[in-house]
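First up is the structure itself, then whatever we jot down about it.
Protein chains: 2
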Amino acid sequence: MSNNHASLLKRLEQSLSDGSRTPLYKRFVSVIKEAVREGLLTHEEILPGEREFSHALGISRITVRKAMTALEMQGAVTRSRGYGTQICSQFEYSLKEPKGLSQQAVLTGKKPDTVWIDKQLVHCDQGIALKLDLEPGSDVYHLQRIRYVDQLAVSVEESWVPASFIVDVNDIGISLYDYFRLHQITPVISQSRVSARMPDSALQKHISLPDDIPVLVIKQLALTAQGNPLEYSISYCRSDMYVFIAE
Amino acid sequence: MSNNHASLLKRLEQSLSDGSRTPLYKRFVSVIKEAVREGLLTHEEILPGEREFSHALGISRITVRKAMTALEMQGAVTRSRGYGTQICSQFEYSLKEPKGLSQQAVLTGKKPDTVWIDKQLVHCDQGIALKLDLEPGSDVYHLQRIRYVDQLAVSVEESWVPASFIVDVNDIGISLYDYFRLHQITPVISQSRVSARMPDSALQKHISLPDDIPVLVIKQLALTAQGNPLEYSISYCRSDMYVFIAE
């Protein structure tokens, strides 16, 4: 058993014997989630098995199983036959599925939130005009938001949308893609470019990151179902929270 | 004109008036490439136009054009109508195309190289067994290499291949995928996972990176055309050199 697991067991023992009225499996869940937040357990780490937990902690396997099922439903672990239970602290984001992060978060039982920091009509510069197939200077909405998952700021996203696709910018709520769909527009992601760099001070202002955490930079172009440029976006995502999948 | 461009013009002036016999356009090319290597010009930066260079340096537009064409053929700049000439110092790597990095490098006029640091037959652990659909402990080749582009170490790649796909491991040269194709095996990338982190000391041993450059971590599973797991790989790529594209 690793050192990490030894200190995890110690924390579990303490919590399970603290005399509170909270059911054992719920206290088990809280300890695991806290250990992940504090970095004691890291992404893809394999947890001890049911039998091992039950034996070391003197609790029933049924209690362990209940805790693991709850953790799985909350997206905090993944379980697979023959490979055991793995910590899942990163957010898996498909590069192709235009579901938007908020919907992907909901699907895994996490609470997404969006704080808009800009929703302005601007004249687009040459670079954005080229991406959106517009004349430089055309009207576009500049949308900038901070995304939260379970109240933690995880990314800053900036996007540009031709003005013709937005009737009233104040109607855009937590999800831009939900707004599009409400107006019978179905976004299709045509290209994603993924790179990484250290966060600069402009980014740190919005999302305060530990010094040694790089950001993943995702540049995406979304088209309408008819193939017209709909949105060009640049997302800056905490690399300890995100993994991007292409398949 | 930006400060960067002012110092670039100064360097160009010096080089173009140094009395050497090297054709002007070649000296122009060298100055641009040196400025990129030293970080004076950065990825996606837009260069002054032909007219501007010609006017500021007192050389013909034909000379400028010749230099730009040479830079474009060497993959150091990209040119597009209406958007001018952009520095291209990053290596664009498609996540879907199983061409292998070496072939992608050759296509853009760069010189790829590979130094193998491990080519051993090992018993695979549970994690690798799961990826490759094998029994734990099965024979797999562990292949590890440092990749160079134009003599600069740009990535470290580790991969695992079921022993049955490799007849003689010493026949694998600069490209693993070329070896596969020589043996009538056509790799197909089935999934890529992209994340980022700071380089650890194990990686720094192989590829010495500046302190503030994160690495992109690409985990890929390649299948044969028949759908059998062929290679599981983890690549650690300098984030200042690579951008990954999914479309």
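Top to bottom, those sequences are chains W and H. Going letter by letter, the first sequence gives residues 1106 to 1352 in our numbering. Going letter by letter, the second sequence gives residues 1106 to 1352 in our numbering. C-beta: ideal position from N, C-alpha, C; glycine also.
Alpha carbon of residue 1127/W to alpha carbon of residue 1133/W, nearest angstrom | In the first sequence, residue 1127/W corresponds to position 22, counting from 1. In the first sequence, residue 1133/W corresponds to position 28, counting from 1. Approximately 10 angstroms, taken between the alpha carbons.
Would you report the Cα separation of residue 1239/W and residue 1290/W, rounded to the nearest angstrom? Here residue 1239/W refers to the residue found at position 134 of the first sequence. Here residue 1290/W refers to the residue found at position 185 of the first sequence. Computed Cα separation, rounded: 19 angstroms.
- Message: Let me make sure I understand the geometry here. Which of 1173/W, 1177/W, 1340/W has the alpha-carbon closest to that of residue 1322/W?
- Response: Along the first sequence, read from residue 1 onward, the residue named residue 1322/W stands at position 217. Nearest C-alpha to residue 1322/W: 1340/W.
query: Rounded to whole angstroms, how far is the Cβ of residue 1217/W from the Cβ of residue 1229/W, which I believe are closer than 8 angstroms?
result: Along the first sequence, read from residue 1 onward, the residue named residue 1217/W stands at position 112. Along the first sequence, read from residue 1 onward, the residue named residue 1229/W stands at position 124. Rounded, the Cβ-Cβ distance is 28 angstroms, inconsistent with contact.
Review point. Nearest to residue 1269/W by CA position, among 1279/W, 1295/W, 1288/W, is which residue?
Key: The residue given as residue 1269/W occupies position 164 in the first sequence. Looking at the Cα atoms, 1288/W is the closest of the given residues.
Exercise. Residue 1232/W by DSSP, collapsed to three states: which one?
Worked result: For the purposes of this step, residue 1232/W is taken as residue 127 along the first sequence, with counting starting at 1. It is helical.
- Query: Going along chain H in order, which residues have a C-beta closer than 8 angstroms to the C-beta of residue 1271/W?
  - Reply: The residue you call residue 1271/W lines up with position 166 of the first sequence. Going along chain H, no residue has its Cβ under 8 angstroms from residue 1271/W, so there is no contact; the nearest lies around 25 angstroms.
Open item on the list: So, at 7 angstroms on beta carbons, what are the nonlocal neighbours of residue 1110/W in its own chain, with the 5 sequence-adjacent residues on each side left out?
Closed with: Here residue 1110/W refers to the residue found at position 5 when the first sequence is read from its first residue. Taken in chain order, the residues that qualify are 1153.
message: When you compare the stretch 1185–1201 of chain W with the stretch 1139–1152 of chain W, are there three or more beta-carbon pairs, one atom per stretch, that lie closer than 8 angstroms?
response: yes
- request: Identify each residue in the stretch 1292–1322 of chain W for which the Cβ-Cβ distance to at least one residue of chain H is less than 7 angstroms, and report them in chain order.
  value: 1295, 1296, 1297, 1298, 1299, 1300, 1301, 1302, 1303, 1317, 1319, 1321
Compute the Euclidean distance between the alpha carbons of residue 1279/W and residue 1349/W, then round it to the nearest angstrom. Taking the first residue of the first sequence as position 1, residue 1279/W is located at position 174. Taking the first residue of the first sequence as position 1, residue 1349/W is located at position 244. Going from the Cα of residue 1279/W to the Cα of residue 1349/W covers about 21 angstroms.
(request) Check the Cβ-Cβ distances between residue 1192/H and every residue of chain W, and say whether any is below 8 angstroms. (result) For this step, residue 1192/H is matched to residue 87 along the second sequence. So, not an interface residue.
If you run the structure through DSSP and keep just helix, strand and coil, what is residue 1162/H? Position 57 of the second sequence, counted from the start, is the residue given in the question as residue 1162/H. Looking at residue 1162/H - three-state DSSP - the assignment turns out to be helix.
- Task: Look at the Cβ atom of residue 1343/W, then the Cβ atom of residue 1318/W, and state whether they are nearer than 8 angstroms.
- Result: Position 238 of the first sequence holds residue 1343/W. Position 213 of the first sequence holds residue 1318/W. Going by C-beta atoms, residue 1343/W is nearer than 8 angstroms to residue 1318/W.
- request: For residue 1200/H, name the three-state secondary structure that DSSP assigns.
  value: Here residue 1200/H refers to the residue found at position 95 when the second sequence is read from its first residue. In the structure shown, residue 1200/H sits in coil (DSSP, three-state: anything other than H, G, I, E or B).
- Query: Would residue 1178/H be called buried (16 or more neighbouring beta carbons within 10 Å of its own) or exposed?
  - Reply: For the purposes of this step, residue 1178/H is taken as residue 73 along the second sequence, with counting starting at 1. The residue in question, residue 1178/H, is exposed, as its Cβ has fewer than 16 Cβ neighbours within 10 Å.
Point to revise | Spatially closest choice to residue 1227/W from 1245/W, 1236/W, 1233/W, 1118/W, by CA coordinates | key: Within the first sequence, the letter at position 122 stands for residue 1227/W. Cα-wise, what sits closest to residue 1227/W is 1245/W.
Can you tell me whether residue 1277/W is buried or exposed, with buried defined as 16 or more other CB within 10 angstroms of its CB?
For the purposes of this step, residue 1277/W is taken as the residue at position 172 of the first sequence. By the neighbour-count rule (16 or more Cβ atoms within 10 Å), residue 1277/W is buried.
**Asked** Under 8 angstroms Cβ-Cβ, which residues of chain W neighbour residue 1352/H?
**Response** For the purposes of this step, residue 1352/H is taken as residue 247 along the second sequence, with counting starting at 1. Going along chain W in sequence order, the residues near residue 1352/H (Cβ under 8 angstroms) are 1295, 1296, 1297.
Give me the chain H residues within the contact set of residue 1133/W, using Cβ-Cβ distance strictly less than 8 angstroms, ordered along the chain. As a first step, residue 1133/W is located in the first sequence; it is residue number 28 there, counting from the start. Going along chain H, no residue has its Cβ under 8 angstroms from residue 1133/W, so there is no contact; the nearest lies around 25 angstroms.
Checklist line | residue 1257/H burial status per 10 Å Cβ neighbour count (16 or more: buried) | finding: Residue 1257/H sits at position 152 when you count from the first residue of the second sequence. Exposed.
Among the residues of its own chain, which have a CB less than 6 angstroms from the CB of residue 1200/H, if the five just before and after it don't count?
Numbered from its first residue, the second sequence carries residue 1200/H at position 95. Excluding residues within five positions, the ones whose Cβ falls inside 6 angstroms are 1297, 1349, 1351.
Going by the CB atoms, is the gap between residue 1283/W and residue 1248/W shorter than 8 angstroms? In the first sequence, residue 1248/W corresponds to position 143, counting from 1. In the first sequence, residue 1283/W corresponds to position 178, counting from 1. Going by C-beta atoms, residue 1248/W is not nearer than 8 angstroms to residue 1283/W.
Q.
Tell me the DSSP secondary structure of residue 1330/H in three-state form.
A. Position 225 of the second sequence, counted from the first residue, corresponds to residue 1330/H. Coil.
- Task: Would you check if the distance between the CB atom of residue 1261/W and the CB atom of residue 1314/W is smaller than 8 angstroms?
- Result: Stepping through the first sequence from its first residue, residue 1261/W is reached at position 156. Stepping through the first sequence from its first residue, residue 1314/W is reached at position 209. Result no, Cβ atoms of residue 1261/W and residue 1314/W do not sit closer than 8 angstroms.
| message | If you reduce the DSSP assignment to three classes, tell me which class residue 1216/H lands in. | response | In the second sequence, residue 1216/H corresponds to position 111, counting from 1. Three-state DSSP puts residue 1216/H in coil, outside helix and strand.
Inset, instruction - Please specify which runs of the beta strand (DSSP E), each continuous and at least 3 residues long, are wholly inside the stretch 1296–1351 of chain H, giving them in chain order. - result: 1320–1328, 1334–1343, 1347–1351
Is it buried or exposed, residue 1252/W, if we count other Cβ atoms within 10 angstroms and call 16 or more buried? Position 147 of the first sequence holds residue 1252/W. Under this definition residue 1252/W is a buried residue.
| field | alpha helix (DSSP H) segment containing residue 1110/W, residue limits | value | Reading the first sequence from its first residue, position 5 is the one you call residue 1110/W. Element bounds for residue 1110/W: 1108–1121.
| field | CB contact below 8 angstroms: residue 1239/W versus chain H | value | For the purposes of this step, residue 1239/W is identified with residue 134 of the first sequence, where counting begins at 1. Residue 1239/W does not count as touching chain H.
Quick check: what's the CA-CA separation for residue 1333/H versus residue 1292/H? For this step, residue 1333/H is matched to residue 228 along the second sequence. For this step, residue 1292/H is matched to residue 187 along the second sequence. Near 10 angstroms, if we compare the C-alpha coordinates of residue 1292/H and residue 1333/H.
* To do: Kindly list the residues whose CB is nearer than 6 angstroms to the CB of residue 1336/W, restricted to its own chain and excluding five residues on each side of it in sequence; keep chain order.
  => Here residue 1336/W corresponds to residue number 231 of the first sequence, with the count starting at 1. 1264, 1266, 1327.
Exercise for review: Using the Cα positions of residue 1324/H and residue 1250/W, report the straight-line distance between them to the nearest angstrom.
Suggested key: Here residue 1324/H refers to the residue found at position 219 of the second sequence. Here residue 1250/W refers to the residue found at position 145 of the first sequence. When rounded, the distance between both Cα atoms is 29 angstroms.
- Query: CB-CB under 7 angstroms to residue 1233/W, same chain, minus the five flanking residues each way: which ones, in chain order?
  - Reply: Sequence index remark: in the first sequence, residue 1233/W carries index 128 (1-based). Hits under 7 angstroms: 1245, 1265, 1337.
| Is residue 1262/H helix, strand or coil by DSSP? | As a working mapping, residue 1262/H is identified with position 157 in the second sequence. Looking at residue 1262/H - three-state DSSP - the assignment turns out to be strand.
For the alpha helix (DSSP H) that residue 1283/H lies in, which residues bound it at each end?
-> Within the second sequence, residue 1283/H is the residue found at index 178, counting from 1. 1281–1287 is the extent of the alpha helix (DSSP H) around residue 1283/H.
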